[in-house]
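Per the numbering used here, the sequence shown runs over residues 96 to 182.
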Amino acid sequence: MEASEAVVSCIADLAFKFSEQLAKDLELFARHANRKSVNMEDVILSAHRNEDLAASLRSFSQEMKAKDPQIGKKRKKSKADDIGIPE
Numbered sequence: 096m097e098a099s100e101a102v103v104s105c106i107a108d109l110a111f112k113f114s115e116q117l118a119k120d121l122e123l124f125a126r127h128a129n130r131k132s133v134n135m136e137d138v139i140l141s142a143h144r145n146e147d148l149a150a151s152l153r154s155f156s157q158e159m160k161a162k163d164p165q166i167g168k169k170r171k172k173s174k175a176d177d178i179g180i181p182e
């Protein structure tokens with residue numbers, strides 16, 4: 096498929112702007128839930144306008160949780176976390 100340089104540039108610009116807005120939305124969702132990091136529920140929430148995508152993300156999330164029960168669970172905070180030492 097052939098596409099002019101202007102079309103490719105426009106699509107790249109739109110994709111970058113969409114990604115920036117998505118990152119801002121995800122950060123706001125996490126902050127609203129009093130969390131410092133984004134989780135899968137934030138990503139699913141970001142897809143609320145596209146029900147097919149939201150359903151696919153929910154299904155993927157459930158598959159991931161079935162494979163690894165630790166996914167989605169809160170991690171206990173250690174003393175190393177308190178003082179900023181990586182594990």
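Note that the Cβ used here is the ideal one computed from N, Cα and C, for glycine as well.
Reduced DSSP category for residue i - H, G, I as helix; E, B as strand; rest coil
| i | result |
| --- | --- |
| residue 165 | coil |
| residue 98 | coil |
Close-in-space but distant-in-sequence residues of the same chain around residue i (CB under 8 Å, 5 per side omitted)
| i | result |
| --- | --- |
| residue 132 | 125 |
Check your understanding: Hey, which unbroken runs of the alpha helix (DSSP H) at 4 residues or more fall wholly within the region 120 to 153?
Key -> 135 to 141
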